[in-house]
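Residue numbers (this note's numbering), protein chains in the order written: chain V, 1 to 473; chain D, 1001 to 1205.
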């Protein structure tokens, strides 16, 4: 078993006791909730006549069903309106803070937590959403849970869990031009597989990780779950502390920053920490990665040939065959030149300010291809506001992108933003599952945000490095 | 308030008939597409299990074991590798449970999915690729054949066969002893919870 890692330390600090079933009971430092997975949990509490234990450690926002165009109430979709009303009632009854659209702080739950300064190193963070692993970028132990576990957390502010193994993923070398955090994580999943991380927590380390800004680290931790690892984290460092210091919360409470920093430093993995497994990746070898199939593990470098199913391990062949049929791609070809109908720049993976800035440098002075509908969905109202102030909205709109309000949007097609028929989408999101973007015949190609921008312009999957970047004012 | 622990059944054994659902990496978006999650309860999700795999755009039935008459009474699902990957939605096991599934045997399960199943008292037991293939074939050939999942003994019996399966230790103990609903169990540790919270530098008491 691992020892001396951040995971071990945070686990030990939060362990309440060992339960009779052998699981550990862990204290939860922050519980994030949203409209899709929490209403049933509140219902279960009502059935059992139990109150929310720690509303002060719980924060709500609305993201999955929120319309990104017309947000006037009641929402035109009755089901969405019903879910929103239910959440409003639940948080009001329990006294839980709700970052709703009128607050100006609403957004995708995994964008909002870090913005608010409540995602912090050394916290345990849970949410009824598998991409909760995102918060691990700050050195938090963060993972997605199901609705019955949400009930547990609401009722007790604790969760029952078994301790897992720790795999260190050492990413050395410098990223090349046009290659991003997203490409690192797609490569990790390609290499280790979509279930390679089951039973593990991933610690991302090494020069290439340390050089990333917090947003890049979030993109990586975000997709840990796509590799089967329920949680992933980066040890906190100066980059992390700078982020914390610049949040509204710590600006208003600088004494809290000084008070907590020693704790944050204490939970870093020790130099001589022991890991259950170590994997090495050389970042300098990477090209921008795109997916050719229907799992996030089916990725390749932009110029690499799509693999023949029979060349893959036996247990991957059947999935690959079905994926190639669905995507209508042939082994031996590369993804470059694959026609796209939609470009989606959004999601909890890649809709933060630096993502939009980089993409804007690609689209500036260019036009979205005639055959493409392109949209930008900022990760939060705060991102949206800052992007508008910087003029990014104007850049995107001038190029022909639709500029939307914050939400999960076309990442999972629970609002009106969906693929139609067999449309192909260049997407900065995290899942290319069949049907994920709202149409069961839809085809999703995952890539980094600059690559999405490039595809929007050319109308096909393209190497962004072939397009000259423009410096946006 | 009644003590909910009293109502939690022990799940040491599940018997019934099987239904094979073949394929690796069947994600929770396949098990229950997101558009069916625009609801505030889990009621009625059963009919939407595997919906897009079962029906085409015009609601015509596609080729899927969940559509086959001979499997309509099945309660033990036999699946392949990495079943339930992707989204953490408990709607997925809820839909399967409401369709009629009481236990799942597979090559491997995604972690959050297995945890969600445990919270509903549904065992997720594992066996190797060959064992699962043979079992799927047997279920296909014997849709009315009795299948027994012995969680406590970690065996599955069918026809004249008895095969070893694995059940995660904590899951086995929780199911066999009827302590898989953890709310009351954890709520009882109130003092210890407060003590842990009090020791954390970032928690205001």
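Ideal placement from N, C-alpha and C gives every residue a C-beta, glycine not left out.
{"Query": "Starting from residue 275 of chain V, trace the beta strand (DSSP E) both ways and give me its first and last residue.", "Result": "Looking at the DSSP string, residue 275 of chain V is not in any beta strand (DSSP E), and its letter there is neither H nor E."}
{"Query": "Are three or more beta carbon pairs between the segment 325-339 of chain V and the segment 387-395 of chain V nearer than 8 Å?", "Result": "no"}
{"Query": "Could you check what DSSP says for residue 237 of chain V in three-state terms: helix, strand or coil?", "Result": "coil"}
{"Query": "Quick one: Cα of residue 129 of chain V to Cα of residue 146 of chain V, how far?", "Result": "8 Å"}
{"Query": "Determine the burial state of residue 157 of chain V: buried for a count of at least 16 other Cβ atoms within 10 Å of its Cβ, exposed for fewer.", "Result": "buried"}
{"Query": "Only counting the same chain, and skipping five residues up and downstream in sequence, which positions put a Cβ closer than 6 Å to that of residue 1157 of chain D?", "Result": "1148"}
{"Query": "Taking only the alpha-carbon atoms, compute the straight-line gap between residue 221 of chain V and residue 416 of chain V and give it to the nearest angstrom.", "Result": "28 Å"}
{"Query": "For a cutoff of 8 Å on Cβ pairs, would you count residue 16 of chain V as touching chain D?", "Result": "yes"}
{"Query": "What is the DSSP secondary structure of residue 348 of chain V, counted as helix, strand or coil?", "Result": "coil"}
{"Query": "Quick check on DSSP: helix, strand or coil for residue 1018 of chain D?", "Result": "strand"}
{"Query": "Whole angstroms are fine: how far does the CA of residue 371 of chain V sit from the CA of residue 1074 of chain D?", "Result": "47 Å"}
{"Query": "Using a Cβ-Cβ distance cut-off of 8 Å, determine whether residue 1174 of chain D contacts chain V.", "Result": "yes"}
{"Query": "Look up residue 1094 of chain D in the DSSP assignment and say whether it is helix, strand or coil.", "Result": "helix"}
{"Query": "Residue ranges of each beta strand (DSSP E) run of no fewer than 3 residues wholly in the segment 305-377 of chain V, ordered along the chain?", "Result": "342-345, 373-376"}
{"Query": "For residue 33 of chain V, name the three-state secondary structure that DSSP assigns.", "Result": "strand"}
{"Query": "Give the straight-line distance between the Cα atoms of residue 1005 of chain D and residue 1184 of chain D, rounded to the nearest whole angstrom.", "Result": "Below a pLDDT of 50, predicted positions are generally treated as unreliable, and residue 1005 of chain D, at 47, falls in that range; the measurement from the model is reported next regardless. Spanning the two alpha carbons is a distance of roughly 6 Å."}
{"Query": "Which partner residues does residue 1158 of chain D have in the DSSP bridge list?", "Result": "D:1147, D:1161"}
{"Query": "Would you decide whether residue 316 of chain V is buried or exposed? Buried here means 16 or more other CB atoms lie within 10 Å of its CB.", "Result": "buried"}
{"Query": "With 9 Å as the limit, tell me which residues of the segment 1007-1037 of chain D have their beta carbon closer than that to any beta carbon of chain V; keep them in chain order.", "Result": "1022, 1023, 1024, 1025, 1027, 1028, 1029, 1030, 1033, 1034, 1035, 1037"}
{"Query": "Tell me which same chain residues have a C-beta within less than 6 Å of the C-beta of residue 319 of chain V, skipping the five on either side of it?", "Result": "none"}
{"Query": "Along chain D, which residues have their Cβ under 7 Å away from the Cβ of residue 230 of chain V?", "Result": "1111, 1112"}
{"Query": "Starting from residue 275 of chain V, find everything on chain D with Cβ-Cβ shorter than 7 Å and list it in chain order.", "Result": "Here the premise fails: no neighbours, minimum Cβ distance about 19 Å."}
{"Query": "Could you list the residues in the segment 50-73 of chain V with a C-beta less than 9 Å from some C-beta on chain D, going in chain order?", "Result": "50, 53, 54, 56, 57, 64, 65"}
{"Query": "Which value, in whole angstroms, describes the spacing of the CA atoms of residue 477 of chain V and residue 431 of chain V?", "Result": "Residue 477 of chain V lies beyond the residue range present for chain V, which begins at 1 and ends at 473; the question has no answer from this structure."}
{"Query": "Three-state secondary structure (DSSP) at residue 168 of chain V?", "Result": "strand"}
{"Query": "Would you say residue 401 of chain V and residue 340 of chain V are within 8 Å of each other, going by their C-beta atoms?", "Result": "no"}
{"Query": "Ordered along the chain, which non-local residues of its own chain (more than five positions away) have a Cβ less than 6 Å from that of residue 281 of chain V?", "Result": "171"}
{"Query": "Is DSSP giving residue 292 of chain V helix, strand or coil here?", "Result": "coil"}
{"Query": "Does any residue of chain V have a CB that is nearer than 8 Å to the CB of residue 1186 of chain D?", "Result": "yes"}
{"Query": "Can you confirm whether residue 435 of chain V, when its beta carbon is compared against all beta carbons of chain D, has any partner nearer than 8 Å?", "Result": "yes"}
{"Query": "Does any residue of chain V have a CB that is nearer than 8 Å to the CB of residue 1127 of chain D?", "Result": "no"}
{"Query": "Beta carbons nearer than 7 Å to chain V: which residues of the segment 1065-1093 of chain D have them?", "Result": "1081, 1082, 1085, 1086, 1087, 1088, 1089, 1090"}
{"Query": "For residue 1124 of chain D and chain V, any beta-carbon pair shorter than 8 Å?", "Result": "no"}
{"Query": "Determine the closest residue to residue 38 of chain V out of D:1130, D:1031, D:1091, D:1019, with distance taken between C-alpha atoms.", "Result": "D:1091"}
{"Query": "Nearest-angstrom Cα distance between residue 10 of chain V and residue 141 of chain V?", "Result": "7 Å"}
{"Query": "Would you identify the three-state DSSP class for residue 281 of chain V, choosing helix, strand or coil?", "Result": "strand"}
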